[in-house]
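**Student:** Have a look at this one.
Number of protein chains: 2
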Amino acid sequence: MGGFSFFSRLHDSSNITKLLVVFTLSSGGIISYSESQSGHGVRTLEPSLRDVKKKKVLVLGTGWAGISLLKDMDISSYDVQVVSPRNYFAFTPLLPSVTCGTVEARSIVEPVRKIIKKKSGEVQFLEAECVKIDAANKKVLCRHNDDLLQGKGEFLLDYDYLVIAVGAQVNTFNTAGVMEHCHFLKEVEDAQKIRNSVIDCFERSALPNISEEERRRNLHFVIVGGGPTGVEFAAELHDFVQEDVVKLYPKVQDLTKITVVQSGDHILNMFDERISSFAEQKFERDGIEVKTGCRVISVSDKAIDMKLKSKGEVSSVPYGMVVWSTGTVTRPVVRDFMEQIGQEDISKIFSVADKDNSGTLNVKEFQDVIEDILVRYPQVGLYLKSNHLHSVTDLLKDPQGHESKEIDIEGFKLALSHVDSQMKSLPATAQVAAQQGAYLARCFNHREDCKLNPEGPIRFGESGRHQFRPFEYKHFGQFAPLGGEQAAAELPGDWVSTGHSTQWLWYSVYASKQVSWRTRMLVVSDWTRRFIFGRDSSRI
Amino acid sequence: MGGFSFFSRLHDSSNITKLLVVFTLSSGGIISYSESQSGHGVRTLEPSLRDVKKKKVLVLGTGWAGISLLKDMDISSYDVQVVSPRNYFAFTPLLPSVTCGTVEARSIVEPVRKIIKKKSGEVQFLEAECVKIDAANKKVLCRHNDDLLQGKGEFLLDYDYLVIAVGAQVNTFNTAGVMEHCHFLKEVEDAQKIRNSVIDCFERSALPNISEEERRRNLHFVIVGGGPTGVEFAAELHDFVQEDVVKLYPKVQDLTKITVVQSGDHILNMFDERISSFAEQKFERDGIEVKTGCRVISVSDKAIDMKLKSKGEVSSVPYGMVVWSTGTVTRPVVRDFMEQIGQEDISKIFSVADKDNSGTLNVKEFQDVIEDILVRYPQVGLYLKSNHLHSVTDLLKDPQGHESKEIDIEGFKLALSHVDSQMKSLPATAQVAAQQGAYLARCFNHREDCKLNPEGPIRFGESGRHQFRPFEYKHFGQFAPLGGEQAAAELPGDWVSTGHSTQWLWYSVYASKQVSWRTRMLVVSDWTRRFIFGRDSSRI
Chain D
1 MGGFSFFSRL
11 HDSSNITKLL
21 VVFTLSSGGI
31 ISYSESQSGH
41 GVRTLEPSLR
51 DVKKKKVLVL
61 GTGWAGISLL
71 KDMDISSYDV
81 QVVSPRNYFA
91 FTPLLPSVTC
101 GTVEARSIVE
111 PVRKIIKKKS
121 GEVQFLEAEC
131 VKIDAANKKV
141 LCRHNDDLLQ
151 GKGEFLLDYD
161 YLVIAVGAQV
171 NTFNTAGVME
181 HCHFLKEVED
191 AQKIRNSVID
201 CFERSALPNI
211 SEEERRRNLH
221 FVIVGGGPTG
231 VEFAAELHDF
241 VQEDVVKLYP
251 KVQDLTKITV
261 VQSGDHILNM
271 FDERISSFAE
281 QKFERDGIEV
291 KTGCRVISVS
301 DKAIDMKLKS
311 KGEVSSVPYG
321 MVVWSTGTVT
331 RPVVRDFMEQ
341 IGQEDISKIF
351 SVADKDNSGT
361 LNVKEFQDVI
371 EDILVRYPQV
381 GLYLKSNHLH
391 SVTDLLKDPQ
401 GHESKEIDIE
411 GFKLALSHVD
421 SQMKSLPATA
431 QVAAQQGAYL
441 ARCFNHREDC
451 KLNPEGPIRF
461 GESGRHQFRP
471 FEYKHFGQFA
481 PLGGEQAAAE
491 LPGDWVSTGH
501 STQWLWYSVY
511 ASKQVSWRTR
521 MLVVSDWTRR
531 FIFGRDSSRI
Chain X
1 MGGFSFFSRL
11 HDSSNITKLL
21 VVFTLSSGGI
31 ISYSESQSGH
41 GVRTLEPSLR
51 DVKKKKVLVL
61 GTGWAGISLL
71 KDMDISSYDV
81 QVVSPRNYFA
91 FTPLLPSVTC
101 GTVEARSIVE
111 PVRKIIKKKS
121 GEVQFLEAEC
131 VKIDAANKKV
141 LCRHNDDLLQ
151 GKGEFLLDYD
161 YLVIAVGAQV
171 NTFNTAGVME
181 HCHFLKEVED
191 AQKIRNSVID
201 CFERSALPNI
211 SEEERRRNLH
221 FVIVGGGPTG
231 VEFAAELHDF
241 VQEDVVKLYP
251 KVQDLTKITV
261 VQSGDHILNM
271 FDERISSFAE
281 QKFERDGIEV
291 KTGCRVISVS
301 DKAIDMKLKS
311 KGEVSSVPYG
321 MVVWSTGTVT
331 RPVVRDFMEQ
341 IGQEDISKIF
351 SVADKDNSGT
361 LNVKEFQDVI
371 EDILVRYPQV
381 GLYLKSNHLH
391 SVTDLLKDPQ
401 GHESKEIDIE
411 GFKLALSHVD
421 SQMKSLPATA
431 QVAAQQGAYL
441 ARCFNHREDC
451 KLNPEGPIRF
461 GESGRHQFRP
471 FEYKHFGQFA
481 PLGGEQAAAE
491 LPGDWVSTGH
501 STQWLWYSVY
511 ASKQVSWRTR
521 MLVVSDWTRR
531 FIFGRDSSRI
């Protein structure tokens, strides 16, 4: 479920001290915020209407990180704008439950405006998508996706601080046919589409002039990706079929088949292996086929081509519906932003450090920019710590441990990207994103205090401290619901819990984590309704 | 809200006695059923799998009439198939509540399969749309609307009895631009689309580079048609804006405008005039503009052209959203069916009666077919009774009361169509449709008994009785919710009730009329949720 992380930095358009904090975020989203003591940004939008004393914070995205930031942030000292193409926050961990109607889509969403209304200061929400970030001029181009506006849906916003919390998009690994024929499970709309598509498969298979073979094809549900999302959807679907569908659609029980395709050797391989094998055994008992070590080559409208890694042969499997959940990749707008500022900035540090313009840095020259690197890339500091390295120059050692005497820009980038790949270890979960949002909120709230009394770690090679403590992720455990009122959970301290009691723990944790009392009541009443009446199979 | 009724009759492909009952149905739907002592119908579909002893009943549609029929019918003596493009029954009187989230769409639907599962006999449900009825061969062509089936979605079904309960479609009166730019409120999907469209209007109006004028345009909601549906939607929207939206969208209160356009002189003109004026006064207090005597000429993407009947001038009114609810019209498949069998049959009766082949009937000849007419067109009997006429020949009198000596086929059709227009008076409501479905179920259940002991009225001009009593509609009253926890109701016995208590009566009646305990619980909990937390404004 490849998490995502990258080095991002601000374009240094003036010689003012800047602070940049960059995070890897749930589902590959990113939060970055930049601080500049004074801004050269041209105000494009109604400058007279804004409180010029307050710094403008522009938050892109209303997912876990964005909402967590907004909930914790002291809005009164900032002029906050929030831009998102969705005017609601969705409790994404319950999306798999929405696919089969265990929980209703409406029960897991809360309007952003309702969340920000509770804040003391004023927050402006704009329903639009960020299409372009102009880091040099500190402007963001946004678009409200509505034909009726005839071009008036585009507008520019400027900012002093930009928070990018837009999340990522699905990663198809450029597999042919995936975009056209597969379902995804990232957004509320995705879950709603899956729900209708599942019902369609059953209704289609009940039509009179369909052959037995075609019925079987229609009722073959394939899930590509054995991570928590794919596994939970498979479990939900199995429960839906066994508990509800069989009562209403005659003869489907023997024809329905669920297959989970996983490229690795085990499903849920990011969990403790006790959980992996518990899940595999449960799925085997349930009749859910798990194809491990298997890669999807292409998807056509009725069949999915796969290759078993061990044998190398390609088989074509007919399907009725495919859900693709193999992880995420950066959104183009963010990739573009990274390209704008990232490369430029690395080159800039490098060229500033390269005092003799030799095109390479010697150790002395490199040491002069170490401090800057550590401020700009907190990952580097975390990496050094976790790898018991003492200085950034250790990064540049070759595999034999010999220090390079001269470093060129490519070697420099290579070293940074090595750190990057190692820092992928933070799981791409709501939990991580929420903590990062809360961390950022704390930074905003303590900005003045921390300027006077920096609380961060001591700076390498220079006196004083960093302004903020780096982000530290606290893992409170993770659940994997497996259907049939059974769940597995990884709890802090190497604890693993499986079975019915874990499912009840899951219910109580998920109920308590709801963003509002309204959604809490709705989710709990959905669960109750499901226990009493089962899931609804109306195709709406 | 023009109800709909027509003369329909079976193509007489053999010389066997037939009975045909035709009803005008809610929303212009039709139920017709035909009985033949023995069928010549070719069985196209798996003849060996069917119980050849049982008569095949094919029910088209799962609205109020279809479901009411299925609930009451003794399935065990028939081989029943149900065909509908929607695999659920929707409690349509609550559709206006769905448009603004007072009630969730999911709370007012119940899967057809769940309803028929409770029956002792076996009922087959097929999710498909009826595209063509071949009355001559007693076959129906159905289509499951799914590209994935690549032509295999079409199939033929044959029947002994056909129940047409497909409902009607919206009537645009061929007004230009209505289909392209207006919303309707007939189906669950319509209500869901309206809900999102309302939110879109508010989100659009909150964007930064929109002029005040454009904001006003976006927030102008126009409802065309002052019948119960349009009025209830206007009331719901007003409540939604005042109770929920104003809290979340700054400054909308002054910009939002709701207009009801009605071609007649009053809104709710099918109700008692006390209700009409109560509603008009309430809307005036609420600031909902009511434009009476006003016809819509055309609708473009941003403006609606209307003509005041009194002045004759056309004004162009900018709008953000239009809901069109001016009544219904027959579906093409039903119109086609009527053409197939209707005209033919009238001509047949006429030519059988015209013994001297003169092209006209004299009174003696006409009297010979009176009995047949009364059996075939129960409306005629009802009409005669309600107009204190003694015989069908009275229909043929000219305005001065002179009896025509000779009747040609056109005059004959004219007389029948006059009856037809007079029989439109049954309101196009769920209540009527449900009663008609229940009546039909009773006919099916008593078919054998009634063959031996006919219970209908004495036949004109011949001995014996009709097999079944004609359908009689019992009006139990009708509600018009007007927003702000106020409703008006027309109750039996010229009783009119208005105000808060009526709204509570509405709540209890609508809760009690739910089709299942599940939807009852859901609807009541939706109401409760709305009282506590308000309506959700997430755009999903």
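Residue numbers (UniProt numbering), protein chains in the order written: chain D, 1 to 540; chain X, 1 to 540.
The beta-carbon is built from N, C-alpha and C at its ideal position, and this holds for glycine as well.
1. Below 7 Å CB to CB, which residues in the same chain sit around S298 of chain X once its five sequence neighbours on both sides are set aside?
2. Assign T92 of chain X to buried or exposed, taking buried as 16 or more other Cβ atoms, counted over all protein chains shown, within 10 Å of its Cβ.
3. Put L207 of chain D into one of helix, strand or coil per three-state DSSP.
4. Between which residues of its own chain and R113 of chain D is the CB-CB distance below 6 Å, once the five residues before and five after are set aside?
5. Which same chain residues, not among the five before or five after A279 of chain D, have their C-beta less than 7 Å away from its C-beta?
6. Along the chain, where does the beta strand (DSSP E) containing K257 of chain X start, and where does it finish?
7. Buried or exposed for N218 of chain D, going by 16 or more other Cβ atoms inside 10 Å?
8. Closer than 8 Å by C-beta to Q192 of chain D: which residues in its own chain qualify, once you throw out the five before and the five after it? Chain order, please.
9. So, are the CB atoms of L185 of chain X and V323 of chain X less than 8 Å apart?
10. Against chain X, does L25 of chain D count as a neighbour if the rule is that its beta carbon must be under 8 Å from one of theirs?
11. Anyone know if the C-beta pair for S77 of chain X and K54 of chain X falls short of 8 Å?
12. Roughly how many angstroms lie between the CA atoms of Q281 of chain X and Q435 of chain D, to the nearest whole one?
13. What are the boundary residues of the beta strand (DSSP E) that N362 of chain D is part of?
14. In chain X, which residues lie less than 9 Å from S310 of chain D when you measure between Cβ atoms?
15. Quick check: is the beta carbon of V109 of chain D nearer than 8 Å to any beta carbon in chain X?
16. Using a Cβ-Cβ cutoff of 8 Å, what residues of the region 183 to 201 of chain X are near chain D? List them in chain order.
17. Once you ignore the five residues that flank residue 547 of chain X on each side, which residues in its own chain have a CB closer than 7 Å to its CB?
18. Note down the Cα distance separating E313 of chain D from G227 of chain D, rounded to an integer number of angstroms.
19. Please list the terminal residues of the continuous alpha helix (DSSP H) segment that includes Q436 of chain X.
20. Can you give the Cα-Cα distance for A168 of chain D and R331 of chain D, rounded to whole angstroms?
21. Please decide whether G121 of chain X counts as near chain D, where near means a Cβ-Cβ distance under 8 Å.
22. Less than 8 Å between the C-beta atoms of I373 of chain D and V380 of chain D, yes or no?
23. Going by DSSP, which residues form a beta bridge with L522 of chain X?
24. For chain B, find out if any of its Cβ atoms is closer than 8 Å to the Cβ of F533 of chain X; answer yes or no.
25. When the Cα of C100 of chain D is compared with those of D:F412, D:R195 and D:E273, which residue comes out closest?
26. Could you tell me the distance, in whole angstroms, from the CA atom of F337 of chain D to the CA atom of S300 of chain X?
27. Interface residues of chain D around K152 of chain X at Cβ under 7 Å?
28. Just checking: is the beta-carbon of M270 of chain X within a distance shorter than 8 Å of some beta-carbon in chain D?
29. Should S263 of chain D be labelled buried (16 or more other beta-carbon atoms within 10 Å of its own) or exposed?
30. Could you tell me which whole beta strand (DSSP E) segments of length 3 or greater appear in the region 86 to 126 of chain D?
31. Kindly indicate which three-state DSSP category L185 of chain D falls into: helix, strand or coil?
32. Which residues mark the beginning and the end of the alpha helix (DSSP H) in which F233 of chain D is found?
33. Interface residues of chain D around K114 of chain X at Cβ under 7 Å?
34. Please confirm whether E127 of chain D has its beta-carbon closer than 8 Å to some beta-carbon of chain X.
35. Spell out whether any CB of chain D is found under 8 Å from the CB atom of S277 of chain X.
36. Excluding the five sequence neighbours on either side, which residues of its own chain have a C-beta within less than 8 Å of the C-beta of I115 of chain D, listed in chain order?
**Tutor:** The structure says:
1. T175, A176, G177 and D305
2. buried
3. coil
4. F125
5. V231, I267, L268, A480, L482 and A488
6. K257 to V261
7. buried
8. V98 and A105
9. yes
10. Confidence in L25 of chain D is poor, its pLDDT being 35 and thus under 50, which makes the residue's placement unreliable; the coordinate value appears in the next sentence. Closer than 8 Å: no.
11. yes
12. 54 Å
13. T360 to N362
14. The premise fails here: S310 of chain D is roughly 33 Å from chain X at the closest Cβ pair, so nothing lies under 9 Å.
15. yes
16. V188, E189, Q192, I199 and D200
17. Residue 547 of chain X is absent from the model: chain X starts at 1 and stops at 540.
18. 24 Å
19. A430 to N445
20. 5 Å
21. no
22. yes
23. Paired residue(s): none; L522 of chain X is not in a bridge.
24. The structure shown contains no chain B; the protein chains it does contain are D and X.
25. D:R195
26. 40 Å
27. N209 and I210
28. no
29. buried
30. 88 to 90 and 109 to 111
31. coil
32. P228 to F240
33. L248
34. yes
35. no
36. I67, L70, K71, F89, V515 and S516
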